[in-house]
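Participant: First to last, the sequence lines map onto chains R and A.
The working numbering numbers the first residue of the first sequence as 13 and each following residue consecutively.
The working numbering numbers the first residue of the second sequence as 894 and each following residue consecutively.
Built from N, CA and C at the ideal position, the CB exists for glycine as well.
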Amino acid sequence: MKNYELALIINPDLASRFNPYKEHLESVLSELDFKNIYCENVGIRELAYPIKEFTKGHYLIYQLEGNPPKIADLENKLKYDNSVLRHLLITIDELSSSDSFLTQDTRDSKKLAEEKAHEAKLKNETSINADSDTQIKDNSKSTQLKETEENDNDEATENNNTKDES
Amino acid sequence: MSTEIPTNFNYKDIKILKQFLTETGKIIPARVSGLSAQQQRKVTKAIKVARFLALIPYTDKQSRV
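(1) Looking only at C-alpha atoms, which of R/R119, R/P81, R/I104 sits nearest to R/H70?
(2) If you draw a straight line from the alpha carbon of A/D953 to that of R/I56, how long is it in whole angstroms?
(3) Spatial neighbours of R/E77 within its chain, please: CB distance less than 8 Å, with the 5 preceding and 5 following residues excluded, ordered by chain position.
(4) Which residue wins for smallest C-alpha separation from R/F30, given the options R/E137, R/S95, R/K68?
(5) Quick one: Cα of A/A930 to Cα of R/K64, how far?
(6) List the whole-angstrom C-beta distance separating R/L114 from R/Y74, where the pair is believed to meet the contact cut-off of C-beta under 8 Å.
(7) The alpha helix (DSSP H) with R/E43 in it runs from where to where?
(8) Could you check the C-alpha separation between A/E916 and A/I940 for me, to the nearest Å?
(9) Applying a beta-carbon distance threshold of less than 7 Å, which residues of chain R neighbour A/I940?
(10) So with CB distances below 7 Å, who are the chain A contacts of R/A19?
(11) With a CB to CB cut of under 7 Å and the five nearest residues on each side skipped, what residues in its chain are close to R/N53?
(12) From R/S42 to A/L914, what distance separates their C-alpha atoms?
(13) If we cut at 8 Å on Cβ distances, does R/Y33 have a partner in chain A?
(14) Name the chain R residues whose beta carbon is nearer than 8 Å to that of A/R949?
(15) To the nearest whole angstrom, what separates the beta carbons of R/Y61 and A/Y951, a pair I think is in contact under 8 Å?
(16) Looking only at its own chain, which residues have a Cβ that is under 8 Å from the Cβ of R/N79, when we skip the five neighbours before and after it?
(17) Per DSSP, what are the beta-bridge partners of R/Q185 in this structure?
(18) I want to see whether chain R comes within less than 8 Å of A/K919, judged by CB atoms only; does it?
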């Protein structure tokens, strides 16, 4: 028995078919007598460069225990699997049973992207408000808001800025 | 330059690996990064694996296609 780490980049467009596909993968692994110690589901990440015209990929990292003669079979199966964009099978000294930095990183970047989208939305709304001719009303509103909530402070200052420009 | 240099470099710790890349994605030579020969070999290997898995670009030219 040897310790292996199998990293896979899977087609990101599987969506609802992903879970059945993952089960299929795991059944292939167990057929070839690979013991699945841990599966790190990293999630969909932006690829550093396009692979097979995909700009995103679903990363999976398996920690496996298996026998060397079966490696060729596994490589062959992965090679002819159209859903696998890229695979890497390496031997490692010690199996880990926790998520690596990658999972954390993808979560963080996902959150950042969501926050950015949210901010952009807010900005659009405020700019629309500022554009309308009821700027005086906005001003009085903003002074009220200042007293009530901190979050809305940003909005209010933005309104003031636009007023200064005009 | 870097705060922590691990004894073993892993291709998954791209934050650490990026410290040893130039802006264009080249590997910084040991004479510049100040790593020992052994460390430099390990970093290089980890970076090349990370590149293969599209975690790190080979060059900045291909990233914006």
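Facilitator: Looking at the coordinates:
(1) Here residue 70 of chain R is taken as the residue at index 58 of the first sequence, counted from 1. Here the closest residue by C-alpha is R/R119.
(2) Locating residue 953 of chain A in the second sequence gives position 60, where the first residue counts as 1. Locating residue 56 of chain R in the first sequence gives position 44, where the first residue counts as 1. Put simply, the backbone Cα of A/D953 is about 21 Å away from that of R/I56.
(3) Counting from 1 along the first sequence, the entry for residue 77 of chain R is found at position 65. Counting only Cβ-Cβ distances below 8 Å, and skipping sequence neighbours, we find M13, K14, N15, Y16, F46, K47, I49, L107.
(4) In the first sequence, counting from the first residue as 1, residue 30 of chain R sits at position 18. With distances taken between Cα atoms, R/F30 lies closest to R/S95.
(5) Start at 1 with the first residue of the second sequence, and residue 930 of chain A comes out as number 37. Start at 1 with the first residue of the first sequence, and residue 64 of chain R comes out as number 52. In a straight line, the C-alpha of A/A930 is about 36 Å away from that of R/K64.
(6) The residue labelled residue 114 of chain R in the question sits at position 102 within the first sequence. The residue labelled residue 74 of chain R in the question sits at position 62 within the first sequence. About 13 Å separates the beta carbon of R/L114 from that of R/Y74, a gap too long to meet the 8 Å contact definition.
(7) Looking up residue 43 of chain R in the first sequence gives position 31. Note, R/E43: alpha helix (DSSP H), 30-43.
(8) Numbered from 1 along the second sequence, position 23 holds the residue referred to as residue 916 of chain A. Numbered from 1 along the second sequence, position 47 holds the residue referred to as residue 940 of chain A. Roughly 14 Å between the two C-alpha positions.
(9) Walking along the second sequence from the start, residue 940 of chain A turns up at place 47. Within 7 Å Cβ-Cβ: nothing; A/I940 doesn't reach chain R, min ~12 Å.
(10) The residue given as residue 19 of chain R occupies position 7 in the first sequence. Simply L946.
(11) Within the first sequence, residue 53 of chain R is the residue found at index 41, counting from 1. Correct list, in chain order: L72.
(12) Mapped onto the first sequence, residue 42 of chain R falls at position 30. Mapped onto the second sequence, residue 914 of chain A falls at position 21. Rounded to the nearest angstrom, the two C-alpha atoms are 39 Å apart.
(13) Counting from 1 along the first sequence, the entry for residue 33 of chain R is found at position 21. No, its Cβ sits nowhere closer than 8 Å to a Cβ of chain A.
(14) Numbered from its first residue, the second sequence carries residue 949 of chain A at position 56. Sequence check: residue 949 of chain A is Ile here, not Arg. Result: A60.
(15) Translated into positions along the first sequence, residue 61 of chain R becomes position 49. Translated into positions along the second sequence, residue 951 of chain A becomes position 58. The distance from the Cβ of R/Y61 to that of A/Y951 is about 7 Å, consistent with a contact at the 8 Å cut-off.
(16) Taking the first sequence and counting its residues from 1, the one referred to as residue 79 of chain R is at position 67. Within the same chain, R/N79 has close Cβ partners M13, K14, D45.
(17) The structure shown does not extend to residue 185 of chain R, since chain R spans only 13 to 178, so no value can be given for it.
(18) Here residue 919 of chain A is taken as the residue at index 26 of the second sequence, counted from 1. It does not; no Cβ of chain R falls within 8 Å.
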